[in-house]
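Residue numbers (my numbering): 5 to 314.
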């Protein structure tokens with residue numbers, strides 16, 4: 005049976021391509037993004053309260069290493085194979101090294117629908133993976149330009165961005181309350197989660213449909229990059245999950261995270277830190293190619309990969 009998350013995304017995409025007047029109110033979109041980030045954080049935080057700290061520390065170090073390696077690979081491909089200038093290569097690499105919380109949520113929904121368990125601490129690794137690639141992207145853009153001194157400002161801005169604050173804040177609240185303390189919140193942040201995710205995916209389908217004209221202008225190389233890099237990065241993510249000792253579901257989610265690309269935190273950070281980069285290039289390939297590929301094809305593929313590894 006098709007996943008309702010995918011069907012809602014397809015509905016939004018079809019509506020935009022058909023030039024329907026369907027629109028999601030902007031305040032609702034913002035409210036749904038806040039809700040999803042908090043819900044993931046609370047769930048992960050409640051699990052953190054019962055987890056062994058040494059094991060989590062080792063997993064966090066591996067996640068940070070992965071978050072640094074992915075943008076370096078993406079930058080090398082874009083700069084040396086695609087001939088794209090340093091600023092745009094660094095900005096796009098930062099998008100592909102960072103992670104998409106919504107793609108993670110879609111992967112989690114896919115696993116839950118198939119009764120495939122995953123480690124409840126995975127949202128903690130999402131928060132850990134969000135920032136390193138942004139910093140590496142800024143360093144790559146500024147290397148040799150004399151602007152490296154502003155890196156601390158970028159670190160601060162990335163750390164207090166909306167997605168990090170909500171996800172990390174939810175993790176902290178969930179860890180303080182534990183399973184029993186968060187139980188009264190379950191009807192709101194647990195039972196309604198998939199319905200809210202479906203509404204969010206409807207809006208993203210509309211957004212992706214609107215990005216297709218910009219994607220045509222981005223060029224064939226970037227479109228091919230946006231299709232080829234997710235499976236490559238998924239292999240690296242799955243390998244990292246295996247080194248972490250994760251389960252079948254955990255490895256699938258690590259592969260999904262590595263294959264995803266940020267379209268919330270990364271655009272804001274790159275617009276501030278690398279203003280000379282063209283944001284249309286990054287957003288069009290992330291939302292026009294990578295995101296729909298992962299939702300429609302990638303997540304099932306990564307789950308099968310994880311099953312073989314696990």
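Glycine residues also receive a C-beta, built at the ideal position from the N, C-alpha and C atoms.
Which of helix, strand or coil DSSP assigns to residue i
{"i": "residue 280", "result": "coil"}
{"i": "residue 29", "result": "coil"}
{"i": "residue 195", "result": "helix"}
{"i": "residue 260", "result": "helix"}
{"i": "residue 223", "result": "coil"}
{"i": "residue 251", "result": "coil"}
{"i": "residue 54", "result": "coil"}
{"i": "residue 177", "result": "helix"}
{"i": "residue 169", "result": "helix"}
{"i": "residue 141", "result": "helix"}
{"i": "residue 9", "result": "helix"}
{"i": "residue 100", "result": "helix"}
{"i": "residue 267", "result": "coil"}
{"i": "residue 314", "result": "coil"}
Beta-carbon contacts of residue i that lie in its chain and below 7 Å, excluding the five residues immediately before and after
{"i": "residue 303", "result": "110, 111, 114, 260"}
{"i": "residue 93", "result": "79, 82, 83"}
{"i": "residue 202", "result": "8, 9, 12"}
Close-in-space but distant-in-sequence residues of the same chain around residue i (CB under 8 Å, 5 per side omitted)
{"i": "residue 271", "result": "99, 283, 286, 287"}
Contact check, residue i vs residue j, beta carbons under 9 Å
{"i": "residue 64", "j": "residue 183", "result": "no"}
{"i": "residue 269", "j": "residue 132", "result": "no"}
{"i": "residue 293", "j": "residue 238", "result": "no"}
{"i": "residue 15", "j": "residue 209", "result": "yes"}
{"i": "residue 207", "j": "residue 41", "result": "no"}
{"i": "residue 281", "j": "residue 233", "result": "no"}
Cβ shell of residue i (< 6 Å), same chain only, five flanking positions each side left out
{"i": "residue 124", "result": "51"}
{"i": "residue 240", "result": "262"}
Interface flag, residue i vs chain C, CB-CB below 9 Å
{"i": "residue 103", "result": "Here chain C cannot be found, since the structure has a single protein chain."}
The segment 278-295 / the segment 96-115 touching (three or more Cβ pairs under 8 Å): The segment 278-295 is in contact with the segment 96-115.
Three or more C-beta pairs below 8 Å linking the segment 206-223 and the segment 14-25: yes
Contiguous alpha helix (DSSP H) assignments of at least 4 residues, all confined to the segment 112-136: 126-134
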